[in-house]
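Enquirer:
Here is the structure:
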């Protein structure tokens, strides 16, 4: 053991303190950087110098600039981020469809249906009255227009959801490729040690990806990550797979490329994309129900109208026309009857009596008959449809709120554990500053002693 | 902060509008009920409109039969008078013209119309009920107006039943006039019984129309009351109590302001401020 040993110990102290100051300054400068994990200096004693039975310490060394991380909490965050965004996306998009059926709208399908039947009831007061007949025609036109508009809007919304999903997929595939690339860089730079910045970037992309599609990640000892969606690996070390949508298939479905083919992974999709797909599927369901309503309603009313006679004693023609594949979107009220309301077949006999309302009464009775899908009245069917939409919206909103609350709590916990706390960094700065100053003092004193020794020689 | 602000905005909307349910997602469990109530409200309004429209027909029909009664009473008065021996054949001849005129008037009354609708033509109400000779041209079926979910109101009558049912009162007047012209006192007396039966017939129909007016008034009153009850039920389901709404808004505002103050306080002082 000599004064050189003390000098070396002092120098190691300077280096260790310097590393600590460097890590602290890096933390402070990145306090607002999204996804940044606090760096910590892992310090240890150097192997001692042994002289006989005595061990002389030779200072400290920096083992690692560690990156604060918690895999369990991070996994939960990824999962909750996916589910929260899925619910929120679904809620926001279904709300736009629900607005079609708001009671404060000027014209809703329910309101126009009621007006149509109320117009028929009003016509019983004077079935020969031109004004009352024209009102029935007018109400029929408005009902058809309301169905057309609702159908068209839902169809456009569904198309929009599919387009949003496609756009989202471009970003998702790009992010998958980026994760694979960052994995390769982390591996090339020596693995988990010393690649904190690359790991921060990669983990940030994984978090963003989870918001988009809902993923989990397994971290390996070499620092690389495997990204899963459900049980399917989307990124495995430096290789990524592509996701795709098939717009020709209904319902909207998500596929992952695998072994020359594709695998349907729709049920595993969460996040924003999962929300688009869920909203699209629900929109198609609503549209299907609206088409069923339009077709069955028009068919029943046409059949009853045909059983009656108009003012000339001629049998009634079709009140509504439609194309079966898209009944709600194509239903129209008879233009012939609109132009000449005497063609409304209110009478039960071909005698052309002005006050004959026998068939008009039967037309009115359709309101309470199970003419829709053989099981529901027109009013109850629409009520059930709007209630279903309302339940879907309310459920997704409630789930989004709950999931976001959990996610916010997890993010807050994660930030408090692994983010930068300015007060903590300030105290570390003071500590490392003192350590540096003390080590400098040791070198200074040792230097003085060595000079004294040299002067003696 | 963002969540609190969102909740506060929603509380503001409810407090300002007073409406807490405008769409199904606001209260999915009660939405079918709210829909059903709204539909029922609209139905009641339609029934009220129908009853208002029918009122004119009933009132006019009542007045018409009242006038018919007056005409028949006048005919009876003259018939009884002219059976008295003090009257000569000349007097009776002059009176017969009056009887024929009364018949003509009665046919005219039987052809009363309201807005182009002949009240006593049954379902064929777009044409006169009787021709000038008193032959019925109308229909035996009658118009019915929907006045509630389960009942209809008769708003036209089969004139043949009213004026020619048990007794053909046009014919009776014709016969009395003919008897007067022929100075046939016995013949005049013979028709008095039929004339009395005819009077009773018209009075009976007038009474029935009176009952229908009462029924219509009752139905109108019920529809109006039902509408009020349903509107109140709908308001109870869709509107927020103002006191509760404003109390909640005040709570939300307080909570939001407290959140802002906490956020401001925690961002103020750091340890770095004290390091020299």
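Protein chains in written order, with the numbering used here: chain X, 1 to 457; chain L, 458 to 733.
The beta-carbon is built from N, C-alpha and C at its ideal position, and this holds for glycine as well.
Predicted model, so just to flag it, every value in this text is computed and none were measured.
1. Can a CB atom of chain L be found closer than 8 Å to the CB of residue 66/X?
2. What are the boundary residues of the beta strand (DSSP E) that residue 42/X is part of?
3. Report the three-state DSSP secondary structure of residue 229/X (helix, strand or coil).
4. With the cut-off set at 8 Å, would you say residue 354/X and residue 127/X are in Cβ contact?
5. Based on DSSP bridge pairs, tell me the residues matched to residue 239/X.
6. Go to residue 256/X, then tell me how far its beta strand (DSSP E) extends in each direction, as first and last residue.
7. Just grab the DSSP bridge partners of residue 245/X for me.
8. Is residue 207/X closer than 8 Å to residue 186/X when the C-beta atoms are compared?
9. Buried or exposed: residue 549/L, going by 16 or more other Cβ atoms within 10 Å of its Cβ?
10. Could you compute how far the alpha carbon of residue 607/L sits from the alpha carbon of residue 531/L?
11. Any heavy atom of the ligand HEM closer than 7 Å to the CB of residue 163/X?
12. Helix, strand or coil: which one does DSSP assign to residue 86/X?
13. In whole angstroms, what separates the C-alpha of residue 376/X from that of residue 241/X?
14. What does a CB cutoff of less than 8 Å around residue 431/X pick up in its chain, not counting 5 residues either side in sequence?
15. Given a limit of 9 Å on CB to CB distance, which residues of the stretch 406 to 431 of chain X reach chain L?
16. Buried or exposed for residue 616/L, going by 16 or more other Cβ atoms inside 10 Å?
17. Determine whether the Cβ of residue 118/X lies closer than 8 Å to any Cβ atom of chain L.
18. Would you mind sorting residue 729/L into buried or exposed? The rule is 16 or more other CB atoms within 10 Å of its CB.
19. If distances are taken between C-alpha atoms only, which option among 460/L, 461/L, 469/L, 465/L comes closest to residue 699/L?
20. What distance in whole Å lies between the Cβ atoms of residue 389/X and residue 98/X, which are believed to be in contact at a cut-off of 8 Å?
21. Return helix, strand or coil for residue 572/L, following the three-state DSSP convention.
22. Quick one: list the residues of chain X neighbouring residue 500/L, beta-carbon separation under 9 Å, in chain order.
23. For the stretch 524 to 554 of chain L, list the beta strand (DSSP E) runs that are entirely contained and at least 3 residues long, ordered along the chain.
24. When Cβ atoms are compared, which residues of the stretch 609 to 632 of chain L fall closer than 8 Å to chain X?
25. Which bits of chain L does residue 397/X rub up against, with CB to CB less than 8 Å?
26. Restricting to Cα atoms, I'd like to know which of 79/X, 44/X, 359/X is closest to residue 230/X.
27. Given 8 Å as the limit, is there contact between the stretch 56 to 67 of chain X and the stretch 7 to 19 of chain X, that is, 3 or more CB pairs closer than that?
28. Between residue 100/X and residue 336/X, what straight-line distance do the alpha-carbon atoms span, to the nearest angstrom?
29. Reducing DSSP to helix, strand and coil, say where residue 347/X ends up.
30. Would you say residue 391/X faces chain L, with C-beta separation under 8 Å as the test?
31. Within 8 Å, do at least three Cβ pairs link the stretch 76 to 93 of chain X to the stretch 32 to 40 of chain X?
32. At the level of alpha carbons, what is the spacing between residue 676/L and residue 666/L?
33. Could you please tell me which residues of the stretch 374 to 386 of chain X, in chain order, have their CB closer than 7 Å to any CB of chain L?
34. At the 8 Å Cβ level, is residue 729/L part of the contact set with chain X, yes or no?
35. On the criterion of 16 or more Cβ atoms from any shown chain inside 10 Å, does residue 693/L qualify as buried, or is it exposed?
36. Candidates 188/X, 360/X, 426/X: which alpha carbon is nearest residue 303/X's?
Expert: Here's the rundown:
1. no
2. 39 to 45
3. strand
4. Closer than 8 Å, so yes.
5. 236/X
6. 254 to 258
7. 254/X
8. no
9. buried
10. 42 Å
11. The ligand content of the structure shown is nil, which means the ligand HEM is not present either.
12. helix
13. When only Cα atoms are considered, residue 376/X and residue 241/X end up about 48 Å apart.
14. For residue 431/X, where only same-chain residues beyond five positions count, the Cβ hits under 8 Å are 20.
15. Those residues of the stretch 406 to 431 of chain X that come within reach of chain L (Cβ to Cβ, closer than 9 Å) are 408, 422, 423, 424, 425, 426, 427, 429, 430.
16. Buried.
17. yes
18. exposed
19. 469/L
20. 5 Å
21. coil
22. 114, 117, 118, 121
23. none
24. 609, 612, 613
25. 482
26. Nearest option by C-alpha distance: 79/X.
27. yes
28. For residue 100/X and residue 336/X, the distance between alpha carbons rounds to 29 Å.
29. strand
30. yes
31. no
32. If you take the alpha carbons of residue 676/L and residue 666/L, they lie about 15 Å apart.
33. 379, 383, 386
34. yes
35. exposed
36. 360/X
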